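Read top to bottom, the protein sequences are chains A and B. Taking my numbering, the leading residue of the first sequence gets 1353, the next gets one more, and so forth. Taking my numbering, the leading residue of the second sequence gets 1353, the next gets one more, and so forth.
2 protein chains.
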Amino acid sequence: MKIVVDAMGGDYAPQAVIEGVILALKEFDVDIILVGIEDRIKEELAKYEYPKERLEIVHASEVVDMHDAAITPVRKKRDSSITVGTNLIKNKKADAFISAGNTGAMVAASTLLLGMMPGVERPAIGIVYPTLKGFSFLIDVGANTEPKPEHLLQSGLMAKVYVREVLGVSNPSVGLLNIGEESSKGGGFAKDAFKLMEEKIENFTGNVEANEVFTGKADCIISDGFVGNIVIKVSEGLMESMSKLLKREIKKSPMAILGVTFMLPTLNRVKKVADYSEYGGAPLLGVNGLVMISHGRSSPKAIKNAIRATIKEIEHNIIEVMEKEIKK
Amino acid sequence: MKIVVDAMGGDYAPQAVIEGVILALKEFDVDIILVGIEDRIKEELAKYEYPKERLEIVHASEVVDMHDAAITPVRKKRDSSITVGTNLIKNKKADAFISAGNTGAMVAASTLLLGMMPGVERPAIGIVYPTLKGFSFLIDVGANTEPKPEHLLQSGLMAKVYVREVLGVSNPSVGLLNIGEESSKGGGFAKDAFKLMEEKIENFTGNVEANEVFTGKADCIISDGFVGNIVIKVSEGLMESMSKLLKREIKKSPMAILGVTFMLPTLNRVKKVADYSEYGGAPLLGVNGLVMISHGRSSPKAIKNAIRATIKEIEHNIIEVMEKEIKK
C-alpha cells in the first residue's frame, strides 16, 4: 500500500506535513511518497529518524499557492506537487493522494486528470466532524456550489459507503440539510433532492435542520457545496469568536483565571472532542481515485490522521464499493 | 405611538409575551394593543399592576400554530391574532406589529395584506446579533429562500438604513455572505449580486466569508434566506451542543465543578453578550408596514427588547427613509 503526500501543501508546509508523515510511518504499515521540491523535503527529513525503505521522494519543481486559480495545476504549473501527485495515482504508481494545499486546485486537478467514477457526475468533499453522539459526515463542503438534485443523491449514496466502510457505522442514516423538517420545506431544488433521496437511499431519514447538525441526528448530512461550506466556516468562526470573547472576559477577573486552571483537564478533553484534526482529512468523493484534502492549517497530527483514514479507504476498496452502490 | 403585540405567538405565549409587554409599559413611553383570545389575555393581565390607560385588548378568536401552513392567516384562520394584528396596522389603527408566532405565516400575512413597499420586490428578515466588535445585522434569515440578485441589493439598501437609524451606526458597511473573499467566488448568483451591490451600495466592502460572520467584519451581512437561515440555526445548534458537551464533561470532575463556580460571574457576562434576546426581535423588511418577528422561544426580556427596537423604527420613520434610499 502506497500513499502520495503533498509535501508543499498547507499553511505550515513542508514542516507540519513531513512531521505528520514521520508519525504515520512509525504508527502504520504503509509506504509513503512525498511529492514536492526535493531539496526542501530532504532538509526537513534530515531532522528525523524513520524507516527509510518506506519513504520515497518524487520531485516537483512548482508549488500551487492559496491564491492560485483552481485551474493552475492543469494549465500553468504542470510540474507542481498537486499535478505530479495526482498523476502518480492516475498512473497507478500509488493508491491515494493527500494534500493540505489549495482546495479548488485539488478539486480541479482531480476532476480533470482522474475523471469521474462511473455513475457520478460531480465531485463532492465530505468531512467527518464531532457531534454529541460521536461523529457525522457532512458532504459537500465546497466542491460543487451549484449542484443539481441528482448530484445530492449521488453524494448521499457515496457518503453511506464512506461512513460504513471507513468509519465503521453499520447502515448509516442519511439526512438532507434543509431549513425545515417537513418534506415541503425549502425551494424547488431541496424538494426535488428530497424526493430522489427518499426513493433511492436506504435509511434516508428526511430533512435535517441546521441546528441539528451537531446533535448527531443523521450519520450522513447531504448539502450543496455552497451551504455546506457556509456550515463549516460559520462553525469554525463561531468557536473562534466565542473562545476569544471568553479569554477577553476571563482576563478581567482573577477569580475566573483561578477557575480556569481548575477546569483545564476538562477543557482539554472537550477540546479534543471538538478538534477536527482528530478525524483526518476531507475525502474528495466522486473522482476516479482516492483523494484526501486536508485542512490548510493541518497539524502533524491532522496529517497523520488523514493518512490513517486513507489507509482504511484503500483497505475497504471504497471506490469499487461506491460504484456498486450507485449502480444498484 | 401604538404597537400591536400578538399575545398568542411563541412557545411561551401568552405568559411570556404579556410579561414582556408589562415590562415595556413600565420602561417605555408607548401604547400597546394586545391581540388574541380576550379571556386568556385578561386572565394573564390580572397577575400584574400596570398603566391600564396605555394597554388595549383586541379580540381574535383563532390562533395560528407552528404547524400551520404559511398561508393559514390569509386563507383559513382569518380571525387569528396574526391576521387581526396585521390588519390593525394596515388600517392605521397602530404603527407596528410584533409577533413571536409562526414565521412563515407572519411573512405571508404581511406580504399579502400589507403589500410591498415601493422599490422592493420581496420581503426579507433581518437579525441583530453579537460580534467581537459589538453587533452586526444579518439579512435575510428565511423570508425569501430563492431570491434574485436584485433582491439581495434591495436587502442591502434596507439593511443600511436599519442599522443606521435603529442601531445608530453611522455609514454602516455592507458585505455579501459568500464562500470566498474574491469577487469571482461563488456561483453566477453570487457574482451577479456582488456586481449590483458594488455598483449601488455606498460602503460595500465585498464578500464576507462565513468564518467572519462573528468577527464584526461588516455591519450588514447580506445573504439569501436559505443560507441566512442555515447560518443562524447552525450557530444556535453549535452553541447548544457545545454547552451540553461542556456540562457533561464538567460533571465528571469535582475540580471542574469548583472551577466553574469561580467563573460564574464571567460566564454570565459572556452569556449576556451572546444572548439574542438582548437585541430584540427580527424586523421583516420590505413590506409596507413595520413588522417584527420575535424568536419562538422569546423570553419576556426578548419581547420587551423587540418593543424597544420597534419604538426606534417608528421614531426614525424607517419605511420612509428606506423608500428614499432605494429610489436614489
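All residues carry an ideal CB built from backbone N, CA and C; glycine is no exception. Values in this document were obtained by computation on a predicted structure and should not be read as measured data.
(request) Determine the chain B residues that contact A/Met1458 at a beta-carbon separation under 9 Å, and present them in chain order. (result) Within the first sequence, numbered from 1, the residue matching residue 1458 of chain A stands at position 106. In chain order: nothing, as chain B lies at least about 15 Å away.
(request) Using a Cβ cut-off of 9 Å (strictly closer), state whether B/Ala1634 contacts chain A. (result) In the second sequence, counting from the first residue as 1, residue 1634 of chain B sits at position 282. Interface annotation, B/Ala1634: not in contact with chain A, CB-CB separation never under 9 Å.
(message) Tell me the residue span of the beta strand (DSSP E) that contains A/Leu1642.
(response) On the first sequence, position 290 is the one that residue 1642 of chain A refers to. It spans Leu1642 to Ile1645 - the beta strand (DSSP E) in which A/Leu1642 sits, taken as one unbroken run.
(message) Does chain A have any CB closer than 9 Å to the CB of B/Thr1557?
(response) Counted from its first residue, the second sequence places residue 1557 of chain B at position 205. Not closer than 9 Å to any Cβ of chain A, the Cβ of B/Thr1557 fails to qualify, so no.
(message) Assuming contact is defined by CB atoms lying nearer than 9 Å, are B/Val1502 and A/Gly1540 in contact in what I supplied?
(response) Here residue 1502 of chain B corresponds to residue number 150 of the second sequence, with the count starting at 1. Here residue 1540 of chain A corresponds to residue number 188 of the first sequence, with the count starting at 1. Inspection of the sequence shows that residue 1502 of chain B is occupied by Glu rather than by Val. Cβ atoms of B/Glu1502 and A/Gly1540: not closer than 9 Å.
(message) Cβ closer than 7 Å: which chain B residues qualify as neighbours of A/Glu1561?
(response) By 1-based counting over the first sequence, the position of residue 1561 of chain A is 209. By Cβ distance, chain B contributes Lys1585.
(message) Can you look up B/Phe1449 in the DSSP assignment and give me helix, strand or coil?
(response) Translated into positions along the second sequence, residue 1449 of chain B becomes position 97. DSSP, reduced to helix, strand and coil, places B/Phe1449 within a strand of the structure shown.
(request) Could you pull the start and end residues of the alpha helix (DSSP H) that B/Thr1424 belongs to? (result) Looking up residue 1424 of chain B in the second sequence gives position 72. Where B/Thr1424 is concerned, the enclosing alpha helix (DSSP H) stretches over Thr1424 to Arg1427.
(request) Compute the beta-carbon to beta-carbon distance between B/Gln1506 and B/Val1472, rounded to the nearest angstrom, for a pair I have assumed lies under 8 Å. (result) Numbered from 1 along the second sequence, position 154 holds the residue referred to as residue 1506 of chain B. Numbered from 1 along the second sequence, position 120 holds the residue referred to as residue 1472 of chain B. Contact holds; Cβ gap of about 5 Å.
(message) Three Cβ pairs or more, each shorter than 8 Å: is that satisfied between the region 1631-1639 of chain B and the region 1648-1664 of chain B?
(response) Yes: at least three Cβ pairs fall under 8 Å.
(message) According to DSSP, is B/Lys1354 part of a helix, a strand, or is it coil?
(response) Translated into the one-based positions of the second sequence, residue 1354 of chain B becomes position 2. The DSSP-derived three-state label of B/Lys1354 is strand.
(request) Could you tell me which of A/Val1583, A/Lys1664, A/Ile1491 and A/His1411 sits nearest to A/Asp1391, measuring between CA atoms? (result) For this step, residue 1391 of chain A is matched to residue 39 along the first sequence. Comparing Cα positions, the closest option is A/His1411.
(message) Applying the 10 Å Cβ sphere with the 16-neighbour rule, what's the burial state of A/Arg1427?
(response) Numbered from its first residue, the first sequence carries residue 1427 of chain A at position 75. Using a 10 angstroms sphere on the CB of A/Arg1427, the tally of other CB atoms stays under 16, which defines it as exposed.
(request) Say whether chain B places a C-beta atom closer than 9 Å to the C-beta of A/Ser1605. (result) To locate residue 1605 of chain A, count along the first sequence from 1; it is residue 253. Chain B contact via Cβ: present.
(message) I'd like to know if A/Val1357 contacts chain B, where contact means its C-beta is closer than 9 Å to some C-beta of that chain.
(response) As a position in the first sequence, residue 1357 of chain A is number 5, starting the count at 1. So, not an interface residue.
(request) Use the C-beta contact count for B/Asn1563: other C-beta atoms within 10 angstroms, 16 or more gives buried, fewer gives exposed. (result) On the second sequence, position 211 is the one that residue 1563 of chain B refers to. Taking every protein chain shown into account, the CB of B/Asn1563 has 16 or more other CB atoms within 10 angstroms, so this residue is buried.
(message) Just to confirm the assignment, what range does the beta strand (DSSP E) spanning A/Val1526 have?
(response) Taking the first sequence and counting its residues from 1, one reaches residue 1526 of chain A at position 174. Counting along the chain, the beta strand (DSSP E) containing A/Val1526 begins and ends at Val1526 to Asn1530.
(request) Residues of the region 1400-1431 of chain B with a CB closer than 7 Å to any CB of chain A: list them in chain order, please. (result) Taken residue by residue, none of the region 1400-1431 of chain B has a beta-carbon sitting less than 7 Å from a beta-carbon on chain A.
(request) Compile a chain-ordered list of the residues in the region 1488-1510 of chain B whose CB is closer than 9 Å to at least one CB of chain A. (result) Result list: Gly1494, Thr1497 and Glu1498.
(message) Residues of chain A with CB closer than 7 Å to the CB of B/Leu1318, please, in chain order.
(response) Since the first and last residues shown for chain B are 1353 and 1680, residue 1318 of chain B lies out of range.
(message) Quick check: is the beta carbon of B/Ala1545 nearer than 9 Å to any beta carbon in chain A?
(response) Taking the second sequence and counting its residues from 1, the one referred to as residue 1545 of chain B is at position 193. Look at B/Ala1545: its C-beta is not under 9 Å from any C-beta on chain A.
(request) Identify, in the order they occur along the chain, each residue of the same chain with its Cβ nearer than 8 Å to the Cβ of A/Ile1355, setting aside the five sequence neighbours on each side. (result) The residue you call residue 1355 of chain A lines up with position 3 of the first sequence. Excluding sequence neighbours, A/Ile1355 sits near Val1382, Asp1383, Ile1384, Ile1385, Ala1446, Asp1447, Ala1448, Phe1449, Ile1450, Ile1659, Thr1662, Ile1663 and Ile1666.
(request) Spell out whether any CB of chain B is found under 9 Å from the CB atom of A/Glu1601. (result) On the first sequence, residue 1601 of chain A is found 249 positions in, with the first residue counted as 1. For A/Glu1601, a Cβ of chain B is located within less than 9 Å of the residue's own Cβ.
(message) Using the three-state DSSP reduction, which class does A/Ser1432 fall into: helix, strand or coil?
(response) Translated into positions along the first sequence, residue 1432 of chain A becomes position 80. Correct three-state label for A/Ser1432: strand.
(request) Between the Cα of A/Glu1405 and those of A/Leu1377, A/Glu1414, A/Pro1366 and A/Lys1599, spot the shortest distance and give me the residue it belongs to. (result) The residue labelled residue 1405 of chain A in the question sits at position 53 within the first sequence. With distances taken between Cα atoms, A/Glu1405 lies closest to A/Leu1377.
(message) As a quick exercise: from B/Cys1572, B/Phe1556, B/Thr1567 and B/Ile1582, pick the residue whose alpha carbon is nearest that of A/Val1560.
(response) Taking the first residue of the first sequence as 1, we reach residue 1560 of chain A at position 208. Taking only the C-alpha atoms, the option nearest A/Val1560 is B/Ile1582.
(request) Return the chain-ordered list of same chain residues with a C-beta closer than 8 Å to the C-beta of B/Gly1467, the five sequence neighbours on each side being excluded. (result) Position 115 of the second sequence, counting from 1, holds the residue named residue 1467 of chain B. Correct list, in chain order: Val1639 and Asn1640.
(request) For the region 1590-1602 of chain B and the region 1595-1606 of chain A, state whether three or more C-beta atom pairs, one from each stretch, are separated by less than 8 Å. (result) The count of Cβ pairs closer than 8 Å, one atom from the region 1590-1602 of chain B and one from the region 1595-1606 of chain A, stays below three, leaving the stretches out of contact.
(request) Give, in chain order, every unbroken run of the beta strand (DSSP E) that is at least 3 residues long and sits entirely within the region 1463-1498 of chain B. (result) Uninterrupted beta strand (DSSP E) stretches at least 3 residues long and entirely within the region 1463-1498 of chain B occur at 1476-1482 and 1487-1491, given in chain order.
(request) Please work out which residues of its chain come closer than 6 Å, Cβ to Cβ, to A/Leu1636, disregarding the five sequence neighbours upstream and downstream, and give them in chain order. (result) Residue numbering aside, residue 1636 of chain A sits at position 284 when the first sequence is read from its first letter. Hits under 6 Å: Ser1462, Pro1475, Ile1477, Val1643 and Ile1645.
(message) Tell me which residues share the same chain as B/Ala1511 and place their Cβ nearer than 7 Å to its Cβ, disregarding the 5 neighbours each side in the sequence.
(response) Here the question's residue 1511 of chain B lines up with position 159 in the second sequence. The answer, listed in chain order, is Gly1478, Phe1489, Ile1491, Val1526, Cys1572 and Ile1574.
(request) Examine chain B for any beta-carbon lying closer than 9 Å to the beta-carbon of A/Met1549, and answer yes or no. (result) In the first sequence, the residue the question calls residue 1549 of chain A occupies position 197. Closer than 9 Å: no.
(message) Closer than 9 Å between beta carbons: that is the criterion. Which residues of the region 1614-1630 of chain B meet it against chain A?
(response) Of all residues in the region 1614-1630 of chain B, Phe1614, Met1615, Leu1616, Pro1617, Thr1618, Leu1619, Arg1621, Val1622, Val1625 and Ala1626 have a Cβ within less than 9 Å of some Cβ in chain A.
(request) Give the secondary structure of B/Thr1339 by DSSP, where H, G and I count as helix, E and B as strand, and everything else as coil. (result) Limits of chain B in this structure are 1353 at one end and 1680 at the other, which puts residue 1339 of chain B out of reach.
(message) Quick check: is the beta carbon of B/Glu1684 nearer than 9 Å to any beta carbon in chain A?
(response) Residue coverage of chain B in this structure runs from 1353 to 1680, which leaves residue 1684 of chain B outside it and unanswerable.
(message) Taking DSSP's pairing of strands, which residues face B/His1411 in a bridge?
(response) Here residue 1411 of chain B is taken as the residue at index 59 of the second sequence, counted from 1. Answer is B/Gly1388.
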